[in-house]
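Peer 1:
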Amino acid sequence: MDILVDGRLKYFREQHVKKVSHVVEVVEMEADGAGTAKFAVLGEAVSLKGIRQKSMLHALRSGRCADGAFITFDENGAHLHLVELKSSLTIGKWLQAIEQFCGMYFVASAISHLLGYSNFFSITCYLALDEDKITNGISSSPVFLKTLTGGKETLGDVESWAKNVVPLPFDKAPLKTGIRINGNVDFGLVG
55 MDILVDGRLK
65 YFREQHVKKV
75 SHVVEVVEME
85 ADGAGTAKFA
95 VLGEAVSLKG
105 IRQKSMLHAL
115 RSGRCADGAF
125 ITFDENGAHL
135 HLVELKSSLT
145 IGKWLQAIEQ
155 FCGMYFVASA
165 ISHLLGYSNF
175 FSITCYLALD
185 EDKITNGISS
195 SPVFLKTLTG
205 GKETLGDVES
215 WAKNVVPLPF
225 DKAPLKTGIR
235 INGNVDFGLV
245 G
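Its first residue numbered 55, the sequence shown is counted upward by one per residue in my numbering.
(1) Of all the options Thr90, Cys179, Glu138, Ile152, which has the alpha carbon lying nearest to the alpha carbon of Asn236?
(2) Strictly under 9 Å for the Cβ-Cβ distance: is Glu82 near chain B by that measure?
(3) Using the beta-carbon count (16 or more within 10 Å), is Arg234 buried or exposed?
(4) Count the CB pairs spanning the stretch 62-70 and the stretch 218-232 that are closer than 8 Å, and state whether there are at least three.
(5) Is the CB-CB distance between Ser141 and Asp186 below 9 Å?
(6) Buried or exposed: where does Cys179 fall if 16 or more other Cβ atoms within 10 Å of its Cβ makes it buried?
(7) Look up Cys119 in the DSSP assignment and say whether it is helix, strand or coil.
(8) Provide the residue span of the alpha helix (DSSP H) that contains Asp60, from first to last.
(9) Below 8 Å on the Cβ atoms is my guess for Ala132 versus Ser166; work out the distance and round it to an integer in Å.
(10) Taking a contact to mean a Cβ-Cβ separation below 9 Å, would you say Ile125 touches Ala162 in this structure?
(11) Is Tyr180 helix, strand or coil when you go by DSSP?
(12) Can you check which of these residues, Pro223, Asn173, Gly245, His76, is closest to Gln154 by C-alpha distance?
Spelled out as structure tokens, the structure:
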């Protein structure tokens with residue numbers, strides 16, 4: 055991380071945006087998804103904590119935001135990592151997770167710009183879950199499996215889940231999933 059980023063971090067509330075070294079933890083406090091997603095990073099990163107029930111950017115139409123995110127830096131620039139924790143994943147919860155990833159994407163983009171980085175070199179989404187009810191065919195909403203007349207994609211965007219891709223505004227990002235044990239998951243070293 056460069057001196058410019060260090061100098062600009064003072065403008066943010068540390069409970070929401072802070073510098074971390076070597077380990078990033080994203081914590082979900084809500085009872086139905088409580089747990090921690092842990093990541094190892096080389097050097098330092100900027101950690102962003104999501105806010106429940108409202109967006110960190112009040113001008114956004116959607117108030118949803120992922121549980122957290124972090125930005126790593128290397129010779130190529132800034133890399134965004136978006137993180138969401140879920141207990142069980144149905145098609146409805148997958149659509150909710152996409153919306154939460156999108157909300158945090160906007161928040162992280164604004165913060166990154168203020169830190170001096172206008173674009174991300176890469177974006178990766180991480181989803182920690184206890185149970186995958188989509189792949190196992192147990193999803194509670196068969197309506198989401200329907201396609202509109204003449205369309206090829208389902209209303210529940212099951213295709214993106216099957217392809218391990220998260221559709222983001224202006225982009226898409228690879229999705230990495232981790233199965234939680236006692237609510238927690240360790241994604242290991244990320245770049």
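Ideal Cβ positions, reconstructed from N, Cα and C, are used throughout, including at glycine.
Here the structure is a predicted model, which means the values were calculated and not measured.
Peer 2: Taking the geometry as given:
(1) Thr90
(2) Structure shown: chain B not included; a single protein chain is present.
(3) buried
(4) no
(5) no
(6) buried
(7) coil
(8) 57-62
(9) Sure, about 6 Å apart at Cβ, within 8 Å.
(10) yes
(11) Tyr180 falls in the strand class under three-state DSSP.
(12) Here the closest residue by C-alpha is Pro223.
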